[in-house]
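Below is one structure, written out as structure tokens, with a few remarks after it.
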Ligand code: NDP
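In the working numbering, the protein residues as written are 978 to 1495.
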């Protein structure tokens, strides 16, 4: 690959070329990271207020030119303008939260030094790492990478961003919009290309790499970053389940299920892909979801609520999952194999799908969903948790929402709605298992792009100086007394069970302990 290689950005709905970009090779990625390093010192030195001001100005640019950015998103992903605006709006809201919270979350705060070091003052603060690399996906080309970019910037880092090769124009637009606010600083730069450019970014002199994409590529990214012991944050998709209890508002659940499964043409890492419904409301739920699914369609006409599949190869994945489900006894109550076109996929609802089929076990990432009847919510929880993924989930229940939500092995769960957790800036976003690790958004998301700096300071001479070779046996004895007073009553050892003791007494021929004796 040379710097003269070109990357064409294609509108997935029409096949039109909407942009031509120069590909960055290893040398140009390294140069971008070196420029970012330079900018990072200035940026870190600005402090929270200075950074909040810059990020606030950027927020203003993004908001005023939302329609323009939305059009780039629409052209590169094919998603409807309204959906493009939704993801941009949420990113703007996160940016506002970062500006007003970074100082509170990351700024220096005092910590109790404890009794042993009562003569000292202790504090912790969270300092920027330096340069953060971000490798982004195409499904939400603004909202998802901004979860890393904006939080890394808010924490005081400079960022080098490699957008998906399917959405380079969105990445370029974002970087140029920040440059309008800080023209002379390389705070956010974009490097263009596919896997090779991404690998070059992993190997570059960065301090952390934030990745969003498939579990398979996440493993490659981790292995590459391991070469330099570069820490990684991984957001690697999911197989999110929705649970519908017998006392749930079935209409609301079906409405949310339709949005969770079909919006963005199903290309949502926290999209609903499996639904487990209590036996008592199953049929009513399926009927209502079927009715709603029938009113939604994918296309290029003005009424279409769904766009095309942004990544052409995803069509084959969805087709394979639907075919496999049907071949193994599943039924399509809406859509089916015929719903899978060349570029557009119409909503599909599958029932009676075996739990070991691809449509249940693998990330489908298309506008399809499976619905299964369960006898109770214990069975629903068990089936929902029977996956290596653990990103998001949804629970519809009048009485048991919080309890069921807690039992689901997922980083995030919405009760009586879908995907709401992503829109709350103060909440961490991320998963467990094959869905990855680390968190964007919220206080955890800010801390993710920092390192904790602990400091102690002597305030007065200690009564008991523990860290000196001048320590006397009397001081050691005083220390032992102090420790006993502080911790000696704590029960660290497991309690001795009562029965074996009684048995020993009996073995000694002394009979069982009389009640009332101590
Ligand atoms: P990938 O995981 O392959 O790609 C994600 C990002 O990583 C892209 O920017 C990609 O670049 C980059 N990349 C690819 N190879 C390397 C590498 N060796 N080193 C560094 N970076 C690399 O996802 P796809 O876009 O191909 O989608 C595949 C599947 O991933 C989908 O079917 C879906 O299931 C899942 N997915 C999950 C997402 C989520 O939100 N968690 C988002 C998108 C997809 P480039 O695209 O330019 O090749």
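C-beta atoms are modelled at their ideal positions from N, C-alpha and C, and glycine is treated no differently.
At 3 residues or longer, and completely inside the stretch 1085-1169: list those beta strand (DSSP E) runs for me, N to C. Counting only runs of 3 or more, we get 1086-1088, 1097-1105, 1108-1112, 1135-1139 and 1165-1167.
Between the alpha carbons of residue 1111 and residue 1053, how many angstroms are there, rounded? Their Cα atoms are separated by approximately 19 Å.
Taking 6 Å as the cut-off, does the CB of residue 1246 come closer than this to any heavy atom belonging to the ligand NDP? Yes, the Cβ of residue 1246 comes within 6 Å of a heavy atom of the ligand NDP.
May I ask you to check if the CB of residue 1289 is nearer than 6 Å to at least one heavy atom of the ligand NDP? The answer is no for residue 1289.
Which of helix, strand or coil DSSP assigns to residue 991: In this structure, residue 991 counts as coil in the three-state DSSP scheme.
Quick check: is any heavy atom of the ligand NDP less than 6 Å from the C-beta of residue 989? No, the beta carbon of residue 989 sits no closer than 6 Å to any heavy atom of the ligand NDP.
Which class does residue 1040 belong to by DSSP, given the choice of helix, strand or coil? Helix at residue 1040.
CB contact flag (residue 1106, residue 1398, <7 Å): Going by C-beta atoms, residue 1106 is not nearer than 7 Å to residue 1398.
So, using beta-carbon positions, are residue 1419 and residue 1407 closer together than 7 Å? Going by C-beta atoms, residue 1419 is not nearer than 7 Å to residue 1407.
Give every residue of the same chain whose Cβ lies closer than 7 Å to the Cβ of residue 1436, excluding the five residues on either side of it in the sequence, and list them in chain order. Result list for residue 1436: 1096, 1097 and 1098, in chain order.
Do you know how far the Cα of residue 1005 is from the Cα of residue 980? Low local confidence applies: a pLDDT of 45 at residue 980 is under 50, so the model's placement there is unreliable, with the coordinate-based value given in what follows. Take the alpha-carbon of residue 980 and the one of residue 1005: they are about 8 Å apart.
Across which residues does DSSP place residue 1298 in a beta bridge pair? Its beta-bridge partners do not exist; DSSP assigns none.
Backbone CA spacing between residue 1264 and residue 1272 [nearest angstrom]: So the two alpha carbons sit approximately 13 Å from each other.
Between the Cα of residue 1242 and those of 1182, 1283 and 1225, spot the shortest distance and give me the residue it belongs to. If we check each option's Cα against that of residue 1242, 1283 comes out closest.
Since residue 1428 sits in a beta bridge, which residues does DSSP pair it with? In DSSP, residue 1428 forms a bridge with 1104.
Is residue 1053 near the ligand NDP, with its Cβ less than 6 Å from a heavy atom? The ligand NDP has no heavy atom closer than 6 Å to the beta-carbon of residue 1053.
Cα separation between residue 998 and residue 1169? If you take the alpha carbons of residue 998 and residue 1169, they lie about 7 Å apart.
For a test of your reading of the model: does the CB of residue 1116 fall under 6 Å from any non-hydrogen atom of the ligand NDP? Yes or no. Because some heavy atom of the ligand NDP lies under 6 Å away, the Cβ of residue 1116 counts as near it: yes.
If you draw a straight line from the alpha carbon of residue 1291 to that of residue 1145, how long is it in whole angstroms? Taking the straight line joining both Cα atoms gives about 19 Å.
Tell me whether the beta-carbon of residue 1198 lies closer than 7 Å to the beta-carbon of residue 1221. The Cβ-Cβ distance between residue 1198 and residue 1221 does not fall below 7 Å.
Proximity winner among 1311, 1240, 1153 and 1303, relative to residue 1329 (alpha-carbon distances): If we check each option's Cα against that of residue 1329, 1303 comes out closest.
Using 8 Å as the Cβ pair cut-off and three pairs as the minimum, do the stretch 1360-1367 and the stretch 1328-1345 touch? The stretch 1360-1367, when compared against the stretch 1328-1345, does touch it at the 8 Å Cβ threshold.
Less than 8 Å between C-beta atoms, sequence neighbours within five positions excluded: which residues of the same chain meet that for residue 950? Lying outside 978 to 1495, the shown extent of the chain, residue 950 is not represented and no answer is given.
Between which residues of its own chain and residue 1082 is the CB-CB distance below 6 Å, once the five residues before and five after are set aside? Excluding sequence neighbours, residue 1082 sits near 1420 and 1423.
Since residue 1092 and residue 1463 should fall inside the 8 Å C-beta cutoff, what is the C-beta to C-beta distance between them, to a whole number of angstroms? In this structure residue 1092 is in contact with residue 1463, their Cβ atoms being roughly 6 Å apart against a cut-off of 8 Å.
Say the cut is 6 Å; is the CB of residue 1284 nearer than that to a heavy atom of the ligand NDP? No, since every heavy atom of the ligand NDP falls outside the 6 Å radius drawn around the Cβ of residue 1284.
Please list, in chain order, all residues of the same chain as residue 1288 whose beta carbon is under 7 Å from its beta carbon, the five residues on each side excluded. These residues qualify, in order along the chain: 1115 and 1143.
Can you tell me which residues form a DSSP beta bridge with residue 1373? Under DSSP, the beta-bridge partners assigned to residue 1373 are 1221.
How many Å lie between residue 1245 and residue 1117 at the Cα? The alpha-carbon atoms of residue 1245 and residue 1117 are separated by roughly 8 Å.
State the Cα-Cα distance for the pair residue 1345 and residue 1158, rounded to the nearest angstrom. About 42 Å.
Cβ of residue 1276 within 7 Å of Cβ of residue 1342? No, they are not a contact pair.
Where does the unbroken alpha helix (DSSP H) through residue 1267 begin, and where does it stop? Note, residue 1267: alpha helix (DSSP H), 1259-1270.
In DSSP terms, what residue 1448 is bridged to: The partner list for residue 1448 (beta bridge, DSSP) is empty, contrary to what the question assumes.
With a floor of 4 residues, list each alpha helix (DSSP H) that falls wholly inside the stretch 1271-1355, ordered by position along the chain. Taking only runs of at least 4 residues, the alpha helix (DSSP H) segments lying wholly in the stretch 1271-1355 are 1291-1304 and 1335-1338.
Which residues does DSSP list as the beta-bridge partners of residue 1254? According to the DSSP secondary-structure assignment, residue 1254 is paired through a beta bridge with 1221 and 1350.
Which residue's Cα is closest to the Cα of residue 1139: 1171, 1058 and 1384? For the residues 1171, 1058 and 1384, the minimum Cα distance to residue 1139 belongs to 1171.
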